[in-house]
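To convert, note that position 177 of the sequence shown is 177 in the numbering used here; the numbers rise steadily by one, no gaps. Right, one structure below, let's go through it.
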Amino acid sequence: MANFMEHKILVTGGAGYIGSHACKALAGSGYTPVVFDNLSTGHRELVKWGGFFKGDLSDKEAILSCLKKYRPAAVMHFAAYAAVGESVVNPARYYSNNVVNTLNLLDAMRSRGVDKFIFSSSCAVYGLPRSLPINEDQPLEPVNPYGRTKRMVEEILSDYSAAYGMKYASLRYFNAAGADPDGETGEAHNPETHIIPLTLAAAMGKTPFVEIFGADYKTPDGTCLRDYVHVTDLAAAHLLALKLLMKNGKNLVLNLGNGRGFSVKEVVETARLVTGKKVKAVIRARRSGDPAELVASQAMARRVLGWKPRYTRLADIIRTAWQWHRKAISLRLNDCHKP
Ligand code: UDP
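Put into structure tokens, the structure is as follows:
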């Protein structure tokens, strides 16, 4: 009987931020990741574990030939667009890539008999939280097209499971942050929109200051609270979900967060302490669509997966990101920061 050590796992978007960390975790557990990526936002240099197939999810033939070639036991699907603001002004791009292309992938899997799927969902499916911390039973009321694409795919997965026996895990990430503690991979978005890398860009002198979007929220210091969860902990949760799916075939829908909220001001202050640099911060107007507070209940992930995040302190999360952002490879990949 084949043992799990021989399993190949197809990782779409494996050249990107979270996908590359998942590849490292898979390889470290004896799986062979195979990255399927069009390199539109990912980086070939970050494909360091397992195989690589350059392809686009709009190309059904490419997906089929990749599945035929590697015969993966399961698919981890990270490839998607993820900028909320852009999804508001260009929803077509989001529905087409995040929904239509995911359908292409699911249908190719069906025709090749691949029936296990780990999906990168998001806390954006909840919209404005009804209560905090957010648990999985809260209604799914996304407030932007990005969040709606994630909800739609979750609904498709539920229907595909009922009709075709697809087994899936929908993992709703809160704010992915940090970088591989060994410095082998990390965040490299162009343009960057996330608060931690933008704060570190200011610490490095690449930009003159970091902007704080709104200091008049009803929160202790007036800035938004977010649940920053380390990308290595996210990768570990994917591995646990994969193993569970392979073992018992029961669908999973789980939040992945740290269970604690940190304000934007705390992020900037902690980055000053970690880097020892003066980071200038400028208060700006609120960014539209930002809820005041998003914090996960991680009770279900702990109970079902036995998942326990290792990086619970914001300083430790920022420290791994700081180590990564100063590396030559990161400096090369992160060549376009905007203040
Ligand atoms: N944020 C900010 N300045 C920036 C980027 C983000 O103040 O340059 C704030 C943003 O309004 C939110 C928090 O930082 O309250 C986290 O935003 P990010 O874009 O990092 O992640 P998101 O929550 O959108 O997934």
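Ideal Cβ placement from N, Cα and C applies to all residues, glycine included.
By how many angstroms is the C-alpha of residue j removed from the C-alpha of residue i?
i: K54; j: S263; result: 39 angstroms
i: K60; j: V99; result: 14 angstroms
i: D335; j: N190; result: 8 angstroms
i: T102; j: V11; result: 13 angstroms
i: G214; j: N255; result: 26 angstroms
i: Q298; j: C123; result: 12 angstroms
i: G113; j: H43; result: 29 angstroms
i: T320; j: P133; result: 26 angstroms
i: G13; j: G19; result: 6 angstroms
i: A169; j: H238; result: 9 angstroms
i: H325; j: E192; result: 12 angstroms
i: P291; j: S120; result: 21 angstroms
i: D216; j: C224; result: 9 angstroms
i: K206; j: T41; result: 21 angstroms
i: F4; j: F78; result: Bear in mind that the predicted position of F4 carries a pLDDT of just 48, short of 50, making it unreliable; the figure below should be weighed with that in mind. Going by the C-alpha atoms only, they are around 22 angstroms apart.
i: V210; j: G16; result: 24 angstroms
Who pairs with residue i in a beta bridge, going by DSSP?
i: M76; result: V11 and I118
i: V229; result: A176
i: Y168; result: F117
i: G127; result: E141
i: V253; result: S170
i: L26; result: Bridge partners of L26: none, in fact.
i: L294; result: R226
i: I283; result: I212
i: V34; result: L10 and G51
i: S87; result: According to DSSP, which records beta bridges pairwise, S87 is partnered with nothing at all.
i: I318; result: For I318, which the question treats as bridged, DSSP gives no partner whatsoever.
i: S263; result: L225
Closest to residue i by CA distance: which of the options is it?
i: G127; options: L240, D137, Q138 and V143; result: V143
i: A62; options: A108, A82, Y168 and R148; result: A108
i: K280; options: H230, A203 and V304; result: A203
i: H7; options: P33, D137, L200 and P197; result: P33
i: N104; options: W307, V153 and T275; result: V153
i: M76; options: D37, N248, E86 and V282; result: D37
i: R148; options: A235, Y95, A80 and D227; result: Y95
i: R260; options: R284, Y164 and V229; result: V229
i: A236; options: K68, G222, Y173 and L67; result: Y173
i: T219; options: I329, Q138, V295 and G30; result: V295
Return yes when at least one heavy atom of the ligand SAH lies under 7 angstroms from the C-beta of residue i, else no.
i: D290; result: Only the ligand UDP can be found as ligands here, which leaves the ligand SAH out of the picture.
Should the region 150-163 be called in touch with the region 238-247, which here means at least 3 C-beta pairs below 8 angstroms? no
Below 8 angstroms, how does it come out for the region 259-276 and the region 300-315: are there three or more Cβ pairs, yes or no? yes
Does the region 85-96 touch the region 16-27, meaning 3 or more C-beta pairs lie closer than 8 angstroms? At 8 angstroms Cβ cutoff, the stretches do not touch.
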